[in-house]
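Chemist:
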Amino acid sequence: MVFTMPQALYPVLADQQFGGGPGVVGLLYAAPALGALIGAATSGWTGRAGGHALIGAVLLWGLSLTRFGATSYLPLALVLLALAGLGDLISETLRSALLQHGTPDELRGRVSGLWMVQATVSPALGNAAVGLLAELTGARAAVVVGGLFCVAATLVVAAAFPALRHARLALSPVSPESLEWSESSDEADAGHGDAETPAKGSAR
Numbered sequence: 001m002v003f004t005m006p007q008a009l010y011p012v013l014a015d016q017q018f019g020g021g022p023g024v025v026g027l028l029y030a031a032p033a034l035g036a037l038i039g040a041a042t043s044g045w046t047g048r049a050g051g052h053a054l055i056g057a058v059l060l061w062g063l064s065l066t067r068f069g070a071t072s073y074l075p076l077a078l079v080l081l082a083l084a085g086l087g088d089l090i091s092e093t094l095r096s097a098l099l100q101h102g103t104p105d106e107l108r109g110r111v112s113g114l115w116m117v118q119a120t121v122s123p124a125l126g127n128a129a130v131g132l133l134a135e136l137t138g139a140r141a142a143v144v145v146g147g148l149f150c151v152a153a154t155l156v157v158a159a160a161f162p163a164l165r166h167a168r169l170a171l172s173p174v175s176p177e178s179l180e181w182s183e184s185s186d187e188a189d190a191g192h193g194d195a196e197t198p199a200k201g202s203a204r
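Numbered per full-length UniProt numbering, the sequence shown spans residues 1 to 204.
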C-alpha cells in the first residue's frame with residue numbers, strides 16, 4: 001500500500017482529470033474518510049476474520065484506486081475512493097490485531113513502536129513515490145500503476161505465505177463461570193477491605 005498513496009496528486013487530478021477546483025480537491029480528500037467511517041461503524045465482524053479478510057481488504061484498496069485512476073466521472077471516482085478508504089480501515093484493523101495477537105508479550109512494546117514508525121513514515125514515502133512516478137508518467141497513469149502494483153504485490157505475498165492466508169484471531173468468549181468467579185472475588189475483596197477498616201472511635 002506504500003506505492004498506492006494518491007493524496008499528493010489530488011490537486012492535479014482535480015484539475016486535469018475532473019476539471020474542478022478546490023471544491024473537488026476537498027471531495028477527493030473526504031471520500032476515503034467517509035469510507036473509513038463506514039468501515040469503523042460496521043467492523044464488528046473483523047473479530048471473527050483473519051488472513052483472507054486482510055488480503056481481500058488490501059485488494060479492495062488496490063483495485064479501487066486502479067479504477068479511480070482510470071475514470072473521469074467524478075461521482076464514480078468518489079465512490080471508488082470511499083471503497084478504498086473502507087478497505088484501508090479494515091486492513092489496518094486486521095493488521096494491527098493479527099500483529100498484536102501473534103507477538104509475544106515480552107516483545108509487544110518494541111513491535112508496537114516499530115508499527116507506529118511505519119504507520120507514520122509509509123504514507124509520506126508513498127506520496128513521494130507516487131509524485132515522482134507522476135513526473136514520469138502523468139498523474140493518472142501513476143495512480144493506475146500504483147494500484148496495479150499493490151494488487152500484484154498482495155497476490156505474491158498471499159501465495160508466498162500460506163500462514164498469512166490462514167491466520168485467525170483466536171478470541172475466547174467470556175464464560176459464565178469466569179464472571180461468577182470475578183463477582184465472588186470482588187465481594188471478597190470488599191469484605192476484606194471492610195474488615196481492615198477500623199471503626200470510628202475504636203482507636204484512641
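Positions of the beta carbon are idealized from the N, C-alpha and C atoms, including for glycine.
1) For L13 and T42, I'd like the C-alpha separation in whole angstroms.
2) Give me the residue from L60, A167, F68, D105 with the minimum Cα distance to Q7.
3) Tell me which residue opens and which closes the alpha helix (DSSP H) that G50 is part of.
4) On the DSSP bridge assignment, give the partners of R168 in chain order.
5) Is the beta carbon of A49 closer than 8 Å to that of L94?
6) Can you list, in chain order, the stretches of the alpha helix (DSSP H) that have 4 or more residues and sit fully within the region 91 to 137?
7) Just to check my reading of the structure: G35 and A82 have Cβ atoms closer than 8 Å, yes? What is that Cβ distance to the nearest angstrom?
8) May I ask you to verify whether the region 77 to 91 touches the region 55 to 65, counting CB pairs closer than 8 Å and requiring at least 3?
9) Quick check on the DSSP output: the alpha helix (DSSP H) that includes L155 runs from which residue to which?
10) Since G26 is in the alpha helix (DSSP H), which residue starts that stretch and which ends it?
11) Who are the near neighbours of L148 in its chain, counting only those whose CB is closer than 6 Å to its CB and skipping five residues on each side?
12) With H, G and I counted as helix, E and B as strand and the rest as coil, what does DSSP make of P11?
13) Helix, strand or coil for T4 per DSSP?
14) List the whole-angstrom C-beta distance separating L60 from G87, where the pair is believed to meet the contact cut-off of C-beta under 8 Å.
15) At a cut of 8 Å, does the region 112 to 119 reach the region 70 to 79 through at least three beta carbon pairs?
16) Count the other C-beta atoms from every protein chain shown that fall within 10 angstroms of the C-beta of M5, then say buried if there are 16 or more, exposed otherwise.
Modeler: Per the coordinate set shown:
1) 30 Å
2) F68
3) Counting along the chain, G50 falls outside any alpha helix (DSSP H), and DSSP gives it neither H nor E.
4) G50
5) yes
6) 108 to 137
7) Contact holds; Cβ gap of about 4 Å.
8) yes
9) 139 to 160
10) 22 to 41
11) Around L148: T66.
12) helix
13) T4 carries a coil assignment under DSSP once its states are collapsed to helix, strand and coil.
14) L60 to G87, Cβ: 3 Å. Contact.
15) no
16) buried
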